[in-house]
């Protein structure tokens, strides 16, 4: 799932890059050296939800919010720093009850879940694929320092007759990691300084994150 999403992001931004270059032929190149971009994205976390082997658990989905600063030192090359916060949540499919110890919980919606919280600080290099008065495409690659916390359902037993899942164990984890990241920002500037766009990103780690969403940019 995450590989398909990443491939779709790459193809999508490649098409945007080609389209932007075609439209920018007659435009003067951007002279902006600084970019501040905020983004809000939908995210997919991990190849499976955490470390559980249960076939009942889906991929975890979540949301990300972030901010990035790009500084161009040359026409097409520069550096960037960024911060993002990602939260994720997944639930059992079609389960309205579960037991743990001597407690039994029943609800109208799915109630057994896994959750995670990721704080990521990124630093890397920026390549300005397209530089124009209206359209810009920025690619960033580098290293991501991530602090993640998650809790997940461990061993479970499912009683199909009573539609009840018994949670035998629950896992809690906190760690700090360093991994690779890639981000792409297509920007359309409404005014000379302010623009809107599409943001895509991928962070590779124990719980990898693939995100795509909307962004708001300011250049100067």
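Residue numbers (our numbering): 47 to 266. Beta carbons are placed, not taken as given, at the ideal position from N, Cα and C, and that holds for glycine. Please read all numbers here as calculations on a predicted model, not as lab measurements.
Selection from the options that minimises the alpha carbon distance to residue i
i: residue 136; options: 188, 220, 163; result: 163
i: residue 91; options: 109, 84, 81; result: 109
i: residue 223; options: 165, 129, 77, 88; result: 165
i: residue 111; options: 196, 83, 234; result: 83
i: residue 238; options: 266, 226, 217, 260; result: 266
i: residue 243; options: 232, 252, 86; result: 232
i: residue 236; options: 79, 179, 256, 87; result: 179
i: residue 168; options: 197, 225, 262; result: 225
i: residue 120; options: 253, 79, 195, 187; result: 79
i: residue 245; options: 259, 175, 253, 172; result: 259
i: residue 248; options: 257, 241, 240; result: 257
i: residue 129; options: 183, 117, 113; result: 113
i: residue 134; options: 124, 89, 118; result: 89
Exposed unless 16 or more other CB atoms sit within 10 angstroms - verdict on residue i
i: residue 216; result: exposed
i: residue 81; result: buried
i: residue 193; result: exposed
i: residue 174; result: buried
i: residue 221; result: exposed
i: residue 189; result: exposed
i: residue 77; result: exposed
i: residue 68; result: Note that residue 68 scores a pLDDT of 44, beneath 50, so its modelled location is shaky and nothing firm can be said.
i: residue 196; result: buried
i: residue 95; result: With a pLDDT of 41 at residue 95, under the threshold of 50, the modelled position of this residue cannot be trusted, and the question is left open.
i: residue 227; result: buried
According to DSSP, residues forming a beta bridge with residue i
i: residue 231; result: 184, 245
i: residue 257; result: 89, 247
i: residue 224; result: 191
i: residue 131; result: 111, 165
i: residue 198; result: 217
i: residue 176; result: 183
Rounded Cβ spacing between residue i and residue j (contact assumed at less than 8 Å)
i: residue 126; j: residue 115; result: 6 Å
i: residue 234; j: residue 241; result: 6 Å
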